[in-house]
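Asks: In our numbering, the protein residues as written are 201 to 683. This is the structure I want to talk about, given as structure tokens.
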């Protein structure tokens, strides 16, 4: 796509800087609420329900929605709702353990695993690695998505744009960690919801209205049939990949840990999942609108970029602000999640350092900068090679799904050992890798999760012991004396 005029470029840059500046100001303001290291790492159970719902949406609806999901809408119509529906199912399944997660006052996913199976450095190490690879992949891919999209719009070199988005992400995280990220994401999330609906309606208008769209696009895409237009094989592949990935994504867990009220843990996930359907409205409408205007794109993922060439200058500038808010909200949330893992699980639990409050926050901020620099370097040096990071979803789910959910079901009845979880995790990673090498039809994450579950159940039967029944509460009997 060719770059815009000088006036358009100036408007896009100005709008982007205004969004980044607004995000930095909000982060500084809300970051003042972070008084302790627990506030920095986990928002210390301070987030109201409405903030949890919107910040979940803001963290989850990133660059993938802007490009890949619009591509699904272009080629398969309303099938994009199946993709979003898989995320919704994952949120609903997380509701099963949400109240327990909130009651236990966890900070990271490895905290969950070690609470279920016992303290062990090797166990913490594997769980920490499995938990942080997904958000780290999100950081790098968001940086690349921003640089590519805005490089096409403005002609600014990729390294410069990666530097800009890196600095923007740091301004979200450094002031107050999850406390500042969550509140800034809440404000940006409201903006994203408003803009998603507005852009979807404008896209349909640009295509000549809904009537013209339905006359131009095959009915199998825009009618009710469009929900399954992508084909049942692809639907099964999405379900097998996205649901487990949602169930083990630490970004979602952290917002459950941070709810102000225990009762909000489940409600927050339910409403967040329903809010994600807004992404389906946006991606489906834009995809169908572009299909009506240009049905001959060589690559379905070019649909979002092609739409930009059709927007008037004022809309392009507003849309640029929408893109920046979408990407920086997700990258900031992912950056804080990785830092929480490194601080809590690696620095404190594995290395064994137990610094004071100020030292913990200082270390967290230093790690935030280091992680962002590493992700930025990868985005610049390997901008073509980052799709392999999609595999991190599979390996993370293969390592964590069975230990978390089977461990939760078993721990009330049996005393579980670290060896049980370690064996299950190793089996999951090995099963995932073997299936990937064999290039199986079924997603290799499924084989990994199955292998992990089988080995974990076997080890639990062999090594664990039944928990002793809790003693019955003493019955108080009032002694009545004869007169």
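In this text, a Cβ means the ideal position worked out from N, Cα and C, and glycines have one as well.
Could you tell me the boundaries of the alpha helix (DSSP H) in which residue 226 lies?
Replies: Segment 206-231, the alpha helix (DSSP H) holding residue 226.
Asks: Should residue 499 go down as buried or exposed, given a rule of 16 or more other Cβ atoms within 10 Å for buried?
Replies: The residue is exposed, with fewer than 16 neighbouring Cβ atoms inside 10 Å.
Asks: Within its chain, find whatever has a CB closer than 6 Å to the CB of residue 409; leave out the 5 residues flanking it on each side and keep chain order.
Replies: Taken in chain order, the list of residues that qualify is empty.
Asks: Distance check for residue 427 and residue 488, CA to CA, integer angstroms please.
Replies: So the alpha carbons of these two residues sit roughly 13 Å apart.
Asks: Just the Cα atoms here: how many angstroms apart are residue 568 and residue 493?
Replies: C-alpha separation (whole angstroms): 43 Å.
Asks: What residue from 453, 243, 570 and 520 has the CA that sits closest to residue 211's CA?
Replies: When each option's Cα is compared against that of residue 211, the closest is 520.
Asks: Can you tell which of 301, 429, 290 and 541 has its C-alpha closest to the C-alpha of residue 279?
Replies: Ranking the options by Cα distance to residue 279, first place goes to 429.
Asks: Quick one: grab the DSSP three-state call for residue 315.
Replies: Three-state DSSP puts residue 315 in a helix.
Asks: Once the 5 residues before and after residue 453 are set aside, which same chain residues still bring their CB inside 6 Å of it?
Replies: Within the same chain, residue 453 has close Cβ partners 309.
Asks: Per DSSP, which one or two residues make a beta bridge with residue 615?
Replies: DSSP, once it has assigned bridges, lists 665 as partnering residue 615.
Asks: Run the CB neighbour count on residue 674, radius 10 Å, all protein chains shown included, and call it buried at 16 or more, exposed below.
Replies: Confidence at residue 674 is low in this model, with a pLDDT of 47, below 50, so its placement is unreliable and the value that follows should be read with caution. Residue 674 is exposed by the Cβ-count criterion.
Asks: With distances taken Cα to Cα, identify the nearest neighbour of residue 660 among 626, 630, 574 and 618.
Replies: Nearest of 626, 630, 574 and 618 to residue 660, Cα basis: 618.
Asks: Indicate whether the contact test is met: 3 or more Cβ pairs, each with one atom in the region 282-302 and one in the region 460-480, closer than 8 Å.
Replies: In short, these stretches touch, since the Cβ pair count reaches three.
Asks: With residue 469 and residue 490 assumed to form a contact (beta carbons below 8 Å), what rounded beta-carbon distance in angstroms separates them?
Replies: Contact flag wrong, Cβ pair sits at about 32 Å.
Asks: Please classify residue 681: is it buried, with 16 or more other beta-carbons within 10 angstroms of its beta-carbon, or exposed?
Replies: Because residue 681 carries a pLDDT of 40, less than 50, the predicted location of this residue cannot be relied on, and the following value inherits that uncertainty. By the 10 Å Cβ count, residue 681 comes out exposed.
Asks: Closest by CA to residue 339, which one among 531, 558 and 563?
Replies: Checked all of 531, 558 and 563; the closest Cα to residue 339 is 531.
Asks: Which parts of the region 235-314 are runs of the alpha helix (DSSP H), unbroken and 4 residues or longer, counting only runs that do not cross its ends?
Replies: 237-242, 249-260, 270-276 and 280-303, all fully within the region 235-314.
Asks: Among the residues of its own chain, which have a CB less than 8 Å from the CB of residue 440, if the five just before and after it don't count?
Replies: Within the same chain, residue 440 has close Cβ partners 642, 643, 645 and 646.
Asks: Should residue 514 go down as buried or exposed, given a rule of 16 or more other Cβ atoms within 10 Å for buried?
Replies: That one is exposed.
Asks: Using C-beta distances below 6 Å, list every residue in its chain close to residue 358, excluding the 5 sequence neighbours before and after it, in chain order.
Replies: Answer for residue 358: 347 and 351, listed in chain order.
Asks: Which residues mark the beginning and the end of the alpha helix (DSSP H) in which residue 501 is found?
Replies: No alpha helix (DSSP H) holds residue 501; DSSP gives it neither H nor E.
Asks: For residue 412, count neighbouring C-beta atoms within 10 Å of its own C-beta (all shown protein chains included) and say buried if the count is 16 or more, exposed if not.
Replies: Answer is exposed; the Cβ neighbour count stays below 16.
Asks: Would the beta-carbon of residue 458 be found less than 7 Å away from any heavy atom of the ligand NAD?
Replies: By its list of ligands, the structure shown contains no ligand whatsoever, and the ligand NAD lies outside what it can speak to.
Asks: Determine the closest residue to residue 355 out of 205, 235 and 276, with distance taken between C-alpha atoms.
Replies: That would be 205, whose Cα lies nearest to the Cα of residue 355.
Asks: Within this structure, are the beta carbons of residue 497 and residue 373 separated by less than 8 Å?
Replies: No, the Cβ-Cβ distance between residue 497 and residue 373 is not below 8 Å.
Asks: In three-state DSSP terms, what is residue 640?
Replies: In this structure, residue 640 counts as coil in the three-state DSSP scheme.
Asks: With a threshold of 7 Å on Cβ separation, who are the neighbours of residue 629 within its own chain once the five nearest residues in sequence on each side are excluded?
Replies: Taken in chain order, the residues that qualify are 595, 598, 599 and 648.
Asks: Do you know whose CA, among 501, 651 and 446, lies nearest residue 292's CA?
Replies: With distances taken between Cα atoms, residue 292 lies closest to 446.
Asks: My assumption, with CB atoms under 8 Å, is that residue 592 sits in contact with residue 334. Please give the rounded CB distance.
Replies: Right, the Cβ-Cβ distance comes to about 5 Å (below 8 Å), so this counts as a contact.
Asks: Based on the DSSP output, what are the partners of residue 459 in its beta bridges?
Replies: BP columns for residue 459 point to 247.
Asks: Kindly indicate which three-state DSSP category residue 579 falls into: helix, strand or coil?
Replies: Helix.
Asks: Quick check: residue 543 and residue 385, are their CB atoms within less than 8 Å of each other?
Replies: Not closer than 8 Å, so no.
Asks: Please state the DSSP three-state secondary structure of residue 541.
Replies: Three-state result, residue 541: helix.
Asks: Which residues mark the beginning and the end of the alpha helix (DSSP H) in which residue 348 is found?
Replies: 321-354 is the extent of the alpha helix (DSSP H) around residue 348.
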